[in-house]
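Trainee:
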Amino acid sequence: MTNEKEKSIREGYGEELLELGKKYENIVVLDADLSISTQTYKFRDFFPHRFFDLGCAEQNEMSIAAGLASTGKVVFASTFCVFASMRALDQIRNMIAYPQLNVKIAASNAGISIGKDGVTHQAIEDIAIMRSIPNITVISPADAEEARTLVRLSYQYSGPVYIRLGRIPWPIVSNKKDECQIGRGVVLRKGQDVSIFATGHLVFEALEAANSLHKEGLEASVINIHTIKPIDESLIINFAKKTHAIVTAEEHNIIGGLGSAVAEVLVENYPVPMKRIGIKDVFAESGDGKILMKKYHIVAKNIMEAARKVIDEK
Amino acid sequence: MKKINYNNGRRLESLKEKATQIRIQTIKMIYGAQSGHPGGSLAIVDILVLLFYKIMRRKPHNPTWPDRDRFVLSKGHSCPPIYAILADQGYFSESELWHLREEGYILQGHPDMRKIPGIDMTTGSLGQGISAGIGMALNAKIDCKKYRTFVIIGDGECQEGQIWEAAMAASHFRLDNLVVILDYNGLQVDGSTKEILSIDPILDKWKAFNWEVYVVNGHDFVELEKAFTKCIGGQSSLPKIIIAKTIKGKGVSFMENKVVWHSNLISPNEFKKAMSDLES
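Each protein sequence line maps, in turn, to chains P and U. Quick note on the working numbering: the first sequence kicks off at 135 and runs consecutively. Quick note on the working numbering: the second sequence kicks off at 42 and runs consecutively.
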């Protein structure tokens, strides 16, 4: 079922990158033989002299990014989330994060919704990994429009950024009227019974869940956490105080990602009943992305079940 | 700040004297810190002295001068002699040398571009320096700048796969402004490179990756300088590598060519003997 209003998050990246390239000559873009997938080809076709495809060599790519950034260039280095967060992690940590070089690691194909390529290409641990490295800002846009804004803000922000981009066409949930700032969550819906903190594709699922809960007489707040690090602590504590029941939702392992980040804030400041919706520490499999999301329990229905449980525990 | 004559004024004798001074300071630093890598540090002193006092165009009073020649110590653990050179040239106070690896001071165990003026890239995890150098060389191409980028790698380091990713990329992108120097001393940590994981035939490998290869005695200033001149002045579009045959621990008799002196602690007696070797 395709919806004309649906657009993949990675497309938002590709479009904004081109626009930024037109404005700013100091942008250089790197890829590792995935330019069509990551959408950096849009920039490549316009600015071939500022684009370098390093082929199947992600470690080389990330260290080259560091070298370029050391000369004053702002580098966008793209590949898949699995390869950025694991294969090239040493390079990112030691040459980009530690010296705080101005490299934006814009990685696409996040989560299991990428579907048929299967487990080796499905990143379910990248948020956990990137979160645990000092000096890296971790961003996970909810839709293509928000991706455009956050990519633009990332360019203006000085320092290492990891941007996690979805592959498949996805509904637009963000509102152009809402202010978008790195480090600030966006309140999409207010309700007093439970707060759902979601990121990436699961922001849409959270809104669907909230609409269905409303029909049962339960009112949910829905907050889009597009910046996992630094996380909007005061917003989280605020909604914990208002609703006393939290659900987190992410297309990522329940270990180490958004759920863990929110739990860390709550436990130290305002512990309340909380449930994490995410991949339950298993590898998925090949299959249609949306079917996988249902099978591995990261759709609206699962968020609703979790919401009812934490409301009961209040 | 000291006034440095870093163009062609240096005579051979003064380069040799400088190299001895740097070796002495290197041993003093590592002994004082009771931590560090004497063998690999001593091996590259002559190469470093030639680069920093004669070949490279840099400005100690302006360490971030955008048109400076870039230098990356990919085998970052051999940093003490670089620190000694940078202090001597005025990038920071010489007093820092006596606080190598000490909490609260600037000289880290491996090169740190944020803490130490004059260091162009943070290194330490092996195999990454040529890639960083490629980034610097690419910037020169994009902006039509004439600066050169120099990278020193180790022979054990050639076992890292990323070295070969970088080797492919540098020739693919025709980076004629990139010069790599291989500290070919034959030893690593667990034994000789021949025993652990042979990298030979190393010359053939670099040629096969489309690099222009030079082989020199890494302790002979005349041979080194001839090679650098060819690397910098040539017409080819290939990146260049100078395979510098060196002796690990060069200059200190009991350290020369000994595996254990990769990172052995120096005792007070050994320190006395080392100073006696170097000062004679």
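The beta-carbon is built from N, C-alpha and C at its ideal position, and this holds for glycine as well.
Determine the direct distance from the alpha carbon of E236(U) to that of G80(U), and round the result to whole angstroms.
Mentor: Rounded to whole angstroms, G80(U) to E236(U) spans 18 Å at the Cα level.
Trainee: Kindly indicate which three-state DSSP category K429(P) falls into: helix, strand or coil?
Mentor: Correct three-state label for K429(P): helix.
Trainee: I think T382(P) touches F338(P), with their Cβ atoms under 8 Å apart; what is that distance to the nearest whole Å?
Mentor: In fact, because the Cβ distance is near 15 Å, the residues do not count as touching under 8 Å.
Trainee: In the DSSP assignment, what are the bridge partners of E253(U)?
Mentor: K281(U).
Trainee: Give me the Cα-Cα distance between A344(P) and Y404(P), rounded to the nearest whole angstrom.
Mentor: Using only the alpha carbons, I get a separation of about 23 Å.
Trainee: Starting from K156(P), find everything on chain U with Cβ-Cβ shorter than 9 Å and list it in chain order.
Mentor: Chain U residues near K156(P): none, gap ~16 Å exceeds 9 Å.
Trainee: Which term fits P294(P), buried or exposed, when burial requires 16 or more other beta carbons within 10 angstroms of its beta carbon?
Mentor: Buried, since its Cβ has 16 or more Cβ neighbours within 10 Å.
Trainee: Grouping DSSP H, G and I as helix and E and B as strand, with all else coil, what is Y175(P)?
Mentor: Reduced to three states, the DSSP call for Y175(P) is helix.
Trainee: What's the C-alpha gap between V444(P) and P268(P)?
Mentor: Going from the Cα of V444(P) to the Cα of P268(P) covers about 32 Å.
Trainee: Anything in the stretch 210-228 of chain P with a Cβ closer than 7 Å to a Cβ of chain U? List those residues in chain order, please.
Mentor: Hits within the stretch, in order: D224, Q225, N228.
Trainee: Which residues mark the beginning and the end of the beta strand (DSSP E) in which R111(U) is found?
Mentor: That run of the beta strand (DSSP E) goes 111-114.
Trainee: Return the CA-CA distance between M177(U) and P182(P), expressed in angstroms with no decimal places.
Mentor: Cα-Cα distance, rounded: 18 Å.
Trainee: Would you call S308(U) buried or exposed, if buried means 16 or more other Cβ atoms sit within 10 Å of its Cβ?
Mentor: Exposed, because fewer than 16 other Cβ atoms sit within 10 Å of the Cβ of S308(U).
Trainee: Between T271(P) and chain U, is any beta-carbon pair separated by less than 7 Å?
Mentor: It does not; no Cβ of chain U falls within 7 Å.
Trainee: Looking at the C-beta of S197(P), does it have a partner C-beta in chain U at a distance below 7 Å?
Mentor: It does: the Cβ of S197(P) has a partner Cβ on chain U nearer than 7 Å.
Trainee: Given a cut-off of 7 Å on the beta-carbon distance, is the pair E385(P) and H335(P) in contact?
Mentor: Taking 7 Å as the Cβ cut-off, E385(P) and H335(P) qualify as a contacting pair.
Trainee: With H, G and I counted as helix, E and B as strand and the rest as coil, what does DSSP make of I193(U)?
Mentor: Here I193(U) sits in strand by DSSP.
Trainee: Is the Cβ-Cβ distance between A211(P) and A199(P) less than 7 Å?
Mentor: Yes; because the gap between Cβ atoms is below 7 Å, this pair is in contact.
Trainee: Which bits of chain U does K207(P) rub up against, with CB to CB less than 7 Å?
Mentor: Chain U residues near K207(P): N180.
Trainee: For the stretch 263-320 of chain P, which segments carrying the alpha helix (DSSP H) assignment without a break, of at least 4 residues, lie completely within its bounds, in sequence order?
Mentor: Segments of the alpha helix (DSSP H) lying fully in the stretch 263-320 of chain P: 278-290.
Trainee: Just how far apart, CA to CA, sit S321(U) and G73(U)?
Mentor: Approximately 21 Å, taken between the alpha carbons.
Trainee: Could you please tell me which residues of the stretch 149-182 of chain U, in chain order, have their CB closer than 7 Å to any CB of chain P?
Mentor: Here the close residues are M154, R155, D161, M162, T163, G165, S166, Q169, S172, A173, G174, I175, G176, M177, L179, N180.
Trainee: Name the chain P residues that come within less than 7 Å of A207(U), Cβ to Cβ?
Mentor: In chain order: N194.
Trainee: Quick one: is R254(P) buried, meaning 16 or more other Cβ sit within 10 Å of its Cβ, or exposed?
Mentor: Correcting the residue type first, residue 254(P) is Thr in the shown sequence and not Arg. Classification for T254(P): exposed.
Trainee: List, in order along the chain, the chain U residues whose C-beta lies closer than 7 Å to that of Y232(P)?
Mentor: Going along chain U in sequence order, the residues near Y232(P) (Cβ under 7 Å) are T163.
Trainee: Given this structure, state the Cα-to-Cα distance separating N236(P) from G351(P), to the nearest angstrom.
Mentor: Cα to Cα, N236(P) sits roughly 48 Å from G351(P).
Trainee: Mark G206(P) as exposed unless 16 or more other C-beta atoms lie within 10 angstroms of its C-beta, in which case mark it buried.
Mentor: It counts as exposed.
Trainee: Once DSSP output is grouped into helix, strand and coil, what is the label at V221(U)?
Mentor: Three-state DSSP puts V221(U) in a strand.
Trainee: Residues of chain U with a CB under 7 Å from the CB of N169(P): which are they?
Mentor: A small correction: the amino acid at residue 169(P) is Ser; Asn does not occupy that position in the sequence shown. Chain U residues near S169(P): none, gap ~16 Å exceeds 7 Å.
Trainee: Going by DSSP, what residue range makes up the alpha helix (DSSP H) through T61(U)?
Mentor: Looking at the DSSP string, the run of the alpha helix (DSSP H) that includes T61(U) is 53-74.
Trainee: Is the distance from the Cβ of H151(U) to the Cβ of G117(U) below 7 Å?
Mentor: Contact flag set, yes.
Trainee: Return the residues of the stretch 159-188 of chain P that lie within a Cβ-Cβ distance of less than 8 Å from chain U, sorted by chain order.
Mentor: Within the stretch 159-188 of chain P, the residues whose Cβ lies closer than 8 Å to some Cβ of chain U are V162, H183, R184, F186, L188, listed in chain order.
Trainee: My parser needs the alpha helix (DSSP H) runs of 4 or more residues fully inside the stretch 171-221 of chain P; what are they?
Mentor: Runs found: 175-180, 192-204.
Trainee: Quick check: the Cα distance between M220(P) and V263(U), rounded to an integer number of angstroms?
Mentor: C-alpha separation (whole angstroms): 45 Å.
Trainee: For N46(U), which three-state DSSP category applies?
Mentor: In this prediction, N46(U) scores a pLDDT of 48, lower than 50, which makes its location untrustworthy; the coordinate-derived value is nonetheless stated afterwards. If DSSP states are grouped into helix, strand and coil, N46(U) belongs with coil.
Trainee: Relative to the C-alpha of R442(P), which candidate in G423(P), Q256(P), E419(P), K409(P) has its C-alpha closest?
Mentor: The shortest Cα separation from R442(P) among G423(P), Q256(P), E419(P), K409(P) belongs to K409(P).
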